[in-house]
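Heads up, the thing below is written out as C-alpha cells.
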Amino acid sequence: MQMDGKSGPQIWPRRTAILLDGTDVTLPPRLAVVMGREADGVSQEMLNAAHKRVCLPMYGFNDSLNLSVATAMMLHHLFLCCPAARGDLPPERKRALRVEWYSRLARTDAQRTEFLSRVDNPPPPFSDVRRPDAHRTSWVPPKIARKEQEQAASLVEQRQALREEAATGQQQQEED
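The opening residue of the sequence shown carries number 1 in the UniProt record's numbering; numbering runs sequentially from there.
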C-alpha cells in the first residue's frame with residue numbers, strides 16, 4: 001500500500017492526536033483511518049507513516065471507548081465533516097466489492113450463484129437498517145433463563161402458601 005498521501009490514502013491514527021471537536025476538518029480525497037488494538041493501540045509503523053493523528057473528544061470519567069464504538073463514532077464524525085464522502089466509490093470498485101462480499105455471504109454454491117447474478121443489478125438499500133419490530137426480542141442465556149423460571153415458580157409457591165395461610169386464618173376466625 002502506498003502511504004505517501006499522494007497516490008495512496010493519508011493515514012490518521014489516534015495516539016498523540018489532535019482533537020476532532022468540530023466539523024471544520026478538511027478531509028483529503030483518500031483517507032485511511034487507523035484504529036489500534038484495544039490492548040496496545042496503533043503500531044509504531046502506522047504512527048511513523050501517519051500524516052495526522054486525531055481523536056474524538058471525551059468528557060466525564062472515561063478516557064477511551066470500546067474499539068467498535070470508537071470506530072463507529074469516528075466514522076460518524078468524519079461523515080458529518082464530509083457528507084459527500086458517503087457512497088463515493090467508482091462503479092467498478094462498487095462492483096468488485098459486491099463480487100467479493102456476495103461470494104463471502106453465500107453459504108452454498110446455489111446461494112453464491114444467485115447472489116452473483118445480482119452483482120450488476122443489486123437490491124436497493126434498506127430505508128431502515130434496524131431489525132423489524134417482530135425480531136426485536138432480547139436474548140437471555142439459558143442458565144439465567146432457568147434461574148428466572150425457578151424464581152418465578154418459587155414465587156408462585158410462596159403466594160399459594162400465603163393464600164392458604166390466609167384462608168386457614170379466616171376459617172379459624174369464623175369458627176371462633
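Ideal Cβ positions, reconstructed from N, Cα and C, are used throughout, including at glycine.
Check whether residue i and residue j have beta carbons under 8 Å apart
i: Met73; j: Leu65; result: yes
i: Leu89; j: Ser103; result: no
One or two residues paired with residue i in a DSSP bridge
i: Leu19; result: Cys55
i: Ile11; result: Ala32
Residue i Cβ short of 7 Å to the ligand MN heavy atom set
i: Ala153; result: Absence of the ligand MN is noted for the structure shown, with no ligands found whatsoever.
Identity of the residue in the options nearest residue i by Cα
i: Val33; options: Ala166, Ser117, Ala49, Pro125; result: Ala49
i: Glu38; options: Asn121, Val69, Ile11, Thr168; result: Val69
i: Leu27; options: Ala153, Met35, Val54; result: Val54
Cut-off 7 Å between Cβ atoms - residues of its own chain near residue i, not counting five sequence neighbours on either side
i: His77; result: Leu20, Leu56
i: Pro122; result: Arg98
i: Gln112; result: According to the sequence shown, residue 112 is Arg rather than Gln. Around Arg112: Ser103, Ala106.
Residue i in three-state terms, based on DSSP
i: Gly169; result: helix
i: Arg104; result: helix
i: Arg130; result: coil
i: Arg159; result: helix
i: Arg136; result: coil
i: Arg37; result: strand
i: Pro142; result: helix
i: Thr26; result: coil
i: Ala49; result: helix
i: Pro123; result: coil
i: Cys81; result: helix
i: Phe115; result: helix
i: Pro91; result: helix
i: Arg86; result: coil
Contacting residues, own chain, Cβ-Cβ under 6 Å from residue i (five flanking each side not counted)
i: Arg30; result: Pro9
Contact set for residue i: own chain, Cβ-Cβ below 8 Å, skip 5 residues either direction
i: Gly60; result: none
i: Leu119; result: The sequence given here has Val at residue 119, not Leu. Closer than 8 Å at the Cβ level, and outside the excluded window around Val119, lie Arg95, Arg98, Val99, Tyr102.
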